[in-house]
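FYI, in mature numbering (1 follows the signal peptide of the UniProt record, and there is no 0) the residues of the sequence shown are -19 to -1, 1 to 170.
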Amino acid sequence: MRRLAPLLALCLAAGGAASETPAPAPFPIALGGPFTLTDQSGAPRTEAAPGADLQLVFFGYANCRSICAVALPTMAAAADTLAAGGIDARPVMITVDPDHDTVATIGPPLARFHPAFEGLTGSAADLKPVYDLFAVEHEVLFTDPSGQPVYAHGSHIYLLDGDGAFLTLLPPILGLDRIAEIAKGYVRR
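This is the structure:
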């Protein structure tokens, strides 16, 4: 037993260390960068969210009934969960449908998910460099019976810090607790 005591002590010490969240590894490809778009109030909005610890950014469209219906509520719930822990995480959607998601129309659908949800839009020319920065692909698949386009687009949530630096990608299927846990790991205080 005496010979096992040092090994047992080492295992117990290692087990305690594992409960601390390690510093996240850098993402293997460069994503993100400076941009300026227009928010739902008509004000310019850059990649930075002054005062925020984190940003949960999604590329979609306000009237999407597919993956956006999973990602946007998850982002809203994650923002609330993080806020309960003292972390200001802003939910942001950047449109892939600038013809329909205008300053006048993008805000109300997003407000149904969370009052702090920010919708960013602009012209196709304004948005193209942002799509390139984040490696976003999208295309119109078809037009629904009401005449609205239905897009194929990504499903990942981009986690940015408050200054707009890209941190990691979060699949919305991870679930709220795991998304919040990962996001917390990027906040250094």
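Using N, Cα and C, we set each Cβ at its ideal position, and we do this for glycine too. All values derive from a computational prediction rather than experimental measurement.
Distance, residue j Cα to residue i Cα
{"i": "V168", "j": "E99", "result": "21 angstroms"}
{"i": "T149", "j": "F8", "result": "6 angstroms"}
{"i": "G103", "j": "F16", "result": "11 angstroms"}
{"i": "G(-4)", "j": "A50", "result": "Low per-residue confidence applies at G(-4): pLDDT is 33, beneath 50, and the placement is therefore not dependable enough to give any value."}
{"i": "F40", "j": "L53", "result": "10 angstroms"}
{"i": "D158", "j": "G32", "result": "24 angstroms"}
{"i": "P89", "j": "M74", "result": "13 angstroms"}
{"i": "D142", "j": "I68", "result": "11 angstroms"}
{"i": "T24", "j": "K109", "result": "Note that residue 24 is Ala in the sequence shown, not Thr. Approximately 19 angstroms, taken between the alpha carbons."}
{"i": "T27", "j": "P5", "result": "25 angstroms"}
{"i": "R93", "j": "A11", "result": "33 angstroms"}
Test item: CB-CB of residue i and residue j under 8 angstroms
{"i": "D78", "j": "P126", "result": "no"}
{"i": "L37", "j": "I138", "result": "yes"}
{"i": "G13", "j": "G145", "result": "yes"}
{"i": "Q21", "j": "V84", "result": "yes"}
{"i": "P153", "j": "T55", "result": "yes"}
{"i": "A164", "j": "A105", "result": "no"}
{"i": "D107", "j": "L18", "result": "yes"}
{"i": "H119", "j": "A57", "result": "no"}
{"i": "L140", "j": "L151", "result": "yes"}
Residue of the options minimising C-alpha distance to residue i
{"i": "A43", "options": "Y112, L141, L91, G166", "result": "L91"}
{"i": "A29", "options": "H119, T55, A106, L101", "result": "L101"}
{"i": "C45", "options": "P72, P31, F16, G135", "result": "G135"}
{"i": "V121", "options": "H81, D107, G66, E162", "result": "H81"}
{"i": "E147", "options": "R26, A24, T19, L35", "result": "It should be pointed out that residue 147 corresponds to Phe in this sequence rather than to Glu. Considering only alpha carbons, the answer is L35."}
{"i": "I48", "options": "A133, L155, I160", "result": "A133"}
{"i": "I160", "options": "P72, A24, A11", "result": "P72"}
{"i": "E162", "options": "A24, A65, R26", "result": "A65"}
Residue i - containing beta strand (DSSP E), residue span
{"i": "E99", "result": "99 to 102"}
{"i": "Y132", "result": "130 to 134"}
{"i": "L140", "result": "138 to 142"}
{"i": "A64", "result": "It is not in any beta strand (DSSP E) - A64 instead sits in the alpha helix (DSSP H) that spans 49 to 65."}
{"i": "L151", "result": "147 to 151"}
{"i": "T124", "result": "119 to 124"}
{"i": "L18", "result": "17 to 20"}
{"i": "P25", "result": "25 to 27"}
{"i": "G41", "result": "35 to 41"}
Rounded Cβ spacing between residue i and residue j (contact assumed at less than 8 angstroms)
{"i": "A60", "j": "A97", "result": "7 angstroms"}
Where the alpha helix (DSSP H) through residue i begins and ends
{"i": "P90", "result": "84 to 92"}
{"i": "I75", "result": "Not the alpha helix (DSSP H): I75 falls in the beta strand (DSSP E), residues 70 to 76."}
{"i": "D107", "result": "105 to 114"}
{"i": "D158", "result": "157 to 166"}
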